[in-house]
Amino acid sequence: MQFTPARRIVNPKLGSYFAIFASAYVTVVLLVLIGEHLGVSKPSRDWAMLLVPLALYAVIGLAGSTEKSLEFFAAGRRVPAVYSGFSLGLTAFGGTGIVAITGALFLIGFDALCLVIGGLAGFVVMGILLAPFFRKFGAYTIPTYLGRRFESPFLRILSAAVISLPLMLMLIAEIKMAAFSAGFLTGAPQANLLALIAVTMMVMLSRGGTRSLTWSSVAQTIAALLALIVPITIVAVMWTNLPLPLLSHGPLMRPLAKNEAFQGLPILLAQGFAFDMPGYGLSVISKRFATTFSAVGPAGFVAATLTIMMGVACAPWLLPRIATTPGVYQARKSLGWATVLFGILMLTAASIAVFSRTLLFESTLAGLVPDWFRQLAAMGYAEIDVKQMTGSAEQARNLLSSLSINRDAVLFALPLAAGLSETFVALAVSGAVAACLAGASAAVAALAASLSEDIIHGTKAEPPPDHQRLPMARSAVIAIIAIGSILAAIVPVDSLALLLMSLSLTGSSFFAILVLSIWWKRMNAYGAVAGLVSGFAVALITIATGSMEWLAFDPALAGVFGIPAAFAATIAASLATPLPSRHERELIRDIRVPGGEILYDREMRLLRLKKHQRASDPV
Amino acid sequence: MIERKERKPYWQHTKWQMLASLIPFLAVIIVLPLYAEKLNSNRFMGFPLGYFLAAHGLVLIAVITVASFVNRQDAIDHWHGAHEDT
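Protein sequence lines correspond, in order, to chains E and S.
Position 611, counted from 1, in the first sequence is what this note's numbering calls 611; the numbers after and before it change by one each time, with no gaps.
Position 45, counted from 1, in the second sequence is what this note's numbering calls 45; the numbers after and before it change by one each time, with no gaps.
As structure tokens, then:
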């Protein structure tokens, strides 16, 4: 008889491996910087900065190649809390978060904080309500967990079908953002960049599944963190003499507020559920930074915070990765690290927004359109409306309203604005691409696992042997990446809107049933199906009516109706139907206790035992 | 392994800990941004106070909430013998 130990041995050399990666990455940056001063041509420098890290991630992914299902679906359950937490913190919003939220903070200031607060709270809620129990159960995907927890193959297949929509939206958002970022740097056609990213992801993920995903996204987290923090730290030293941009941008905010007032930015008041997030394309800067509720109404702010919180708490691209931690205690701890990293990333985004705004407003105050803004306009990422620039007395006031900038270009414009060398633009882009890859590959791995495990083999109680199970999952990975990148080329929707829609769909359909499946003993399979279907349907209807503008509700807030509907339906349907079976009641008792055998492994062991008995039983 | 009669007190304890960690945190993240404008007239380290609390303050509160929860819940596990075997 084979027992799986609850904790597994962690590779002691992990620290040195990732130190090697970090120094390799820094070396590439320094070489490109030296190349710039030696006169190497810009295209070759830019491509080096883009392709060398991609090759490194692909190599890390290939090094995680495996033939065992425990490794392929759960990275061998030996990823320490710090590593898994850091990559969770990055992949919650992925590259869309870094690029688009920096832009949103730049354009509407305080109101974009609802996204940040929602993500943070999501990690807290996940760590307290879901993660330790999901780790104790040890299932590889959310549908497998639901199917085994309620002994219902129907629920398993249904939830696998429902979960694929938000995962696909997340995947499209991330791939689109990766192609946009790479396009900002190289100017290559989007189709070629999409193909490049798709091929990189196929090489990276198809051999090792979640194991490749885990270790390559740790490397991507290091890259993204360096690329986000290094340029802004240099800018902070130049402006405030302190290398701490997160804390030192405070003194810039009073002059900024005076500047805003002087240049005639109105104090706007958004009402109720208004939710005016800047979309893709050019936007005029018309909101003050520190003024609250100028674009998002107070009720919209709270609703967005809660919707995003519940979406992140049960995000299907995050929750299955909790199963890769070595134990329940480590699973709780990893959420702490995720909160730390997510906080650092988002505060850095906020400080980038303040510094960029200061740089722009200082020069418009003097009546000048800065050079970097003209450069952006020449590249098509900004526009200077010449018509409004006439009239000398009113020029300072009008100048600002004649400028519009692409939301997603703000992050990459900072090094240009501060007069840093071109290498730092390339560094920022390479970090954004790394973050997009981390987000996209997390979605791919989760979607491939649920497709191959829960839809194709969903009706079987016992999973097929590894030599059938892994090729199926590998082909699912390749097919999903191909479909995702084709859709990313076709779908004309903004990445941030897709991400928010995906979060409100997951929150509405899964938050209620996952939380109640642990915290409410009386819940049964009927309740789970009812909650899943009604939450999903209500959210979809809200999104459909919202985008056709029948209802004054942004699709991002669909959770406001979906989540209460899901809770109500789950509770009502469970109470109206018979008590859960004896086995389910035993299962929930065991889920709640951290000690003891991993439940998924125990079920597999019992199934094998039964099969042996049947085989040896002479009938 | 946890003893049978310890299961109920263990879960009671865990539930209270969950509520104690979650409710104050949720109250802060909902209420604080609504009053940020009033706090903005004060300053802290150069930041408008409302913005500072909604950005840096909430990050700090979230990290402290998770850290204290992990610490307390681990103590509860050990107290009732529900912890993982090493």
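Where a beta carbon is used, it is the ideal one built from N, C-alpha and C, also for glycine.
Note that the structure is a prediction, hence the values are computed from the model and not measured.
- For the set Ile197(E), Leu247(E), Gly507(E), Thr27(E), the Cα lying nearest the Cα of Ser351(E) is the one of Leu247(E).
- Ranked by Cα distance from Glu71(E), the options Leu225(E), Gly109(E), Ala24(E), Arg321(E) are led by Arg321(E).
- Looking at the backbone, the Cα of Ile513(E) and that of Ile490(E) are separated by about 33 angstroms.
- Among the residues facing chain S, Val10(E) is not included, as its CB has no counterpart in that chain under 8 angstroms away.
- For Arg254(E), the chain S residues whose Cβ falls inside 7 angstroms of its Cβ are Gly46, in order along the chain.
- Annotation for Ala54(S): no beta strand (DSSP E) segment contains it, and DSSP assigns it neither H nor E.
- In the DSSP assignment, Ser283(E) is bridged to Ile405(E).
- Secondary structure at Glu383(E): strand, using DSSP grouped into helix, strand and coil.
- Assignment of beta-bridge partners to Phe44(S) by DSSP yields Phe47(S).
- Scanning chain E for C-beta atoms nearer than 8 angstroms to the C-beta of Glu37(S) yields Thr291, Thr292, Phe293, reported in chain order.
- In this structure, the CA atom of Phe262(E) is about 40 angstroms from the CA atom of Val29(E).
- Per DSSP, Gln190(E) is one residue of the alpha helix (DSSP H) stretching across 190-206.
- At least one CB of chain E lies nearer than 8 angstroms to the CB of Trp11(S).
- Taking the Cα positions, Gly76(E) is about 11 angstroms away from Tyr140(E).
- Secondary-structure assignment with DSSP links Val312(E) through no beta bridge to anything.
- Taking C-beta atoms as the reference points, Ser495(E) and Ala539(E) fail to come closer than 8 angstroms.
- Linking Ser441(E) to Glu6(S) through their CA atoms gives a straight-line distance of about 42 angstroms.
- At least one C-beta of chain S is nearer than 8 angstroms to the C-beta of Arg589(E).
- Straight across, the Cα-Cα distance linking Ile222(E) with Ile541(E) is about 40 angstroms.
- Per DSSP, reduced to three states, the secondary structure at Phe553(E) is coil, with no helix or strand assignment.
- Beta bridge pairing from DSSP links Val296(E) with Phe275(E).
- Sequence-distant Cβ neighbours of Ala290(E) in its own chain, meaning closer than 7 angstroms and more than five residues away, are Gly109, Phe110, Met253, Ala257.
- Inter-segment contact for the stretch 299-309 of chain E and the stretch 113-122 of chain E is present: three or more beta-carbon pairs are separated by less than 8 angstroms.
- Unbroken alpha helix (DSSP H) runs of no fewer than 4 residues, entirely contained in the stretch 102-142 of chain E, are found at 113-125, 131-137, following chain order.
- For Gln263(E), no alpha helix (DSSP H) encloses it, and the DSSP letter there is neither H nor E.
- One Cα belongs to Leu498(E), the other to Ile98(E), and the distance between them is close to 15 angstroms.
- In the structure shown, the three-state DSSP call for Lys460(E) is coil.
- Taking CB atoms only, Arg332(E) has a neighbour in chain S less than 8 angstroms away.
- By the neighbour-count definition (other C-beta atoms within 10 Å, threshold 16), His78(S) is an exposed residue.
- Sixteen is the threshold: since fewer than 16 other Cβ atoms of the shown chains lie within 10 Å of the Cβ of His467(E), the residue is exposed.
- If you draw a straight line from the Cα of Gly311(E) to the Cα of Thr506(E), it comes to about 5 angstroms.
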